[in-house]
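Single-structure report; data block below.
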Ligand SMILES: [Zn+2]
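In the working numbering, the protein residues as written are 35 to 462.
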């Protein structure tokens, strides 16, 4: 292993590791990965000249963070309190309003626009071994920060509207977002009707139809809290109080009793959709998703824990996998998570669910995320011919047994990553 003072990577094109873990394929002990022109040109375990031995590390495909909001990447720690959830949302809305005030005040000293903050978030992702993100973008998003040499993003434009007027305006924003893409731009455009409590049912239907027309991916926060279920079913509870307080309560939007299944059903028409959180999906809703693996549930483990959801109900990710459904992982934002490391989400799962095979957990954070974002041609596994998007993980002593267990051990750490063969180093 090189020390901090040495340059990274050491000069070379062939990198030997205790384990190469391609994900799609069996681990290779004491193998090397050879990189040329940004691509993987060999994965092998033979003796070879000019091989740089990285020591007790694993080389793995870089990670896929299927859900985040990078505009909060400058928060040093999560917003408090985390409960009740609507109180956290009030804090979030307050934080955004303050930030927007600073950005739009010509006398403000801050040079951090939302673009810079998102840029900072992408850098943090890359250093932590993440090469692809599902990003939720709001009014101030800046397409310029998503470049060909940065983590690849699927940019889901967030849409919020409960009144008829606002719904019309948001539908126009969505159309503009999908319609203004140009050939070869280094990100993918999608839509994100925000959540059942912030989107009128008519707007939701129109947005799903628009996504279908453009064959665009869609993401929605769904079944996140019991309070959301109460609002959908009866139009009452803490969400109603909050919406009234914000002056956006529209009784007509909640006149008909609904449940998450009513929002899942239209998604079945799409090529691909992300159901973010899904903490409180019912058994029949899990069965529905189990039969439709193109609808991917994004589980955000540390955020789920931050909000205290395990006390009301453990996340149903294992039931969903058993039913044949698709699960991938996200960090959500720094407003509910101390960092944007997808690797730490997997380590967290490994420590909380020691009975789940670590191989399965690694799959969720790599190949499953790549499939969910529609980026599986390029991301989520190591193979000859693919771009060299990879992470280098330092393993604890005794790493000669199960490489997957060693990889996700509490004392493993990402030390470097490469995006299309260009290296970054984790200095955290
Ligand atoms: Zn979110």
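In this text, a Cβ means the ideal position worked out from N, Cα and C, and glycines have one as well.
Do we get a CB-CB distance below 8 Å when we pair residue i with the residues of chain B?
| i | result |
| --- | --- |
| residue 270 | Absence of chain B from the displayed structure is noted, only one protein chain being present. |
With 16 as the cutoff for other CB atoms within 10 Å, does residue i come out buried or exposed?
| i | result |
| --- | --- |
| residue 53 | buried |
| residue 405 | buried |
| residue 275 | exposed |
| residue 251 | buried |
| residue 94 | buried |
| residue 35 | Residue confidence is low: residue 35 scores 47 on pLDDT, short of 50, so the model does not pin down where it sits. Its coordinate-derived value is still stated next. The residue is exposed, with fewer than 16 neighbouring Cβ atoms inside 10 Å. |
| residue 313 | buried |
| residue 180 | buried |
| residue 267 | exposed |
| residue 290 | exposed |
| residue 144 | Reliability fails at residue 144, whose pLDDT of 49 lies under 50, so the model's placement of it is uncertain and no value is given. |
| residue 358 | exposed |
| residue 163 | buried |
Skipping 5 residues on each side, what residues in its chain have a beta carbon closer than 7 Å to that of residue i?
| i | result |
| --- | --- |
| residue 119 | 259, 261, 341 |
| residue 11 | Absent from the structure is residue 11, since the part of the chain shown begins at 35 and ends at 462. |
| residue 354 | 320, 323, 324, 331, 361 |
| residue 372 | 111, 112 |
| residue 270 | 264 |
| residue 420 | 73, 74, 412 |
| residue 395 | 380, 383, 384, 442 |
Judging by CA-CA distance, which residue of the options is the nearest neighbour of residue i?
| i | options | result |
| --- | --- | --- |
| residue 206 | 245, 333, 131, 457 | 245 |
| residue 70 | 438, 448, 440, 423 | 423 |
| residue 98 | 450, 443, 407, 418 | 407 |
| residue 451 | 441, 109, 431, 426 | 426 |
| residue 25 | 89, 58, 72, 43 | The chain is shown only over 35 to 462; residue 25 falls outside these bounds and no answer can be derived. |
| residue 224 | 122, 397, 279, 241 | 241 |
| residue 277 | 197, 414, 82 | 197 |
| residue 455 | 191, 72, 45 | 72 |
| residue 288 | 236, 173, 445 | 236 |
| residue 369 | 82, 105, 44, 45 | 105 |
| residue 186 | 458, 221, 415, 390 | 221 |
| residue 188 | 204, 167, 107 | 167 |
Starting from the C-beta of residue i, find all residues in its chain whose C-beta is less than 6 Å away, skip the five residues before and the five after it, and write them out in chain order.
| i | result |
| --- | --- |
| residue 233 | 227 |
| residue 85 | 48, 50, 66 |
| residue 302 | 326 |
| residue 62 | 54, 79 |
| residue 254 | 227 |
Apart from the five residues just before and just after residue i, which ones in its own chain have a Cβ nearer than 8 Å to its Cβ?
| i | result |
| --- | --- |
| residue 298 | 256, 309, 319, 322, 323, 329 |
How would the residue list near ligand 1 read, in chain order, if you kept each one whose beta-carbon is closer than 7 Å to any heavy atom?
-> 101, 103, 170, 255, 310, 366, 367
Could you tell me which uninterrupted alpha helix (DSSP H) segments, each at least 4 residues in length, are contained entirely in the stretch 274-308, listed from first to last along the chain?
-> 294-301
Run through the stretch 36-112 for me and flag every whole beta strand (DSSP E) of 3 or more residues, listed as ranges in chain order.
-> 48-54, 62-70, 73-78, 85-87, 91-95, 97-102
Completely contained beta strand (DSSP E) runs for the stretch 150-206, where each covers 3 or more residues = 164-171, 186-193
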